[in-house]
Amino acid sequence: KQDFTEQVRLVIQLPAEQVDTLLQSFPDT
4 KQDFTEQVRL VIQLPAEQVD TLLQSFPDT
């Protein structure tokens, strides 16, 4: 989904801790 791409871009801008948290929130695709 395009929304997912936008989320990824936001994740890149976030600190590593936030990225790790978001990764846990996202389903393991």
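Residues 4 to 32 (this note's numbering) make up the sequence shown, in order. For each residue, glycine too, the CB sits at the ideal point set by N, CA and C.
Under a three-way DSSP split, which group does residue i fall into?
| i | result |
| --- | --- |
| F29 | coil |
Leaving aside the five residues before and after residue i along the sequence, list all residues of the same chain whose C-beta is less than 6 Å from its C-beta, in chain order.
| i | result |
| --- | --- |
| Q27 | none |
Leaving aside the five residues before and after residue i along the sequence, list all residues of the same chain whose C-beta is less than 7 Å from its C-beta, in chain order.
| i | result |
| --- | --- |
| D6 | none |
| V22 | V14 |
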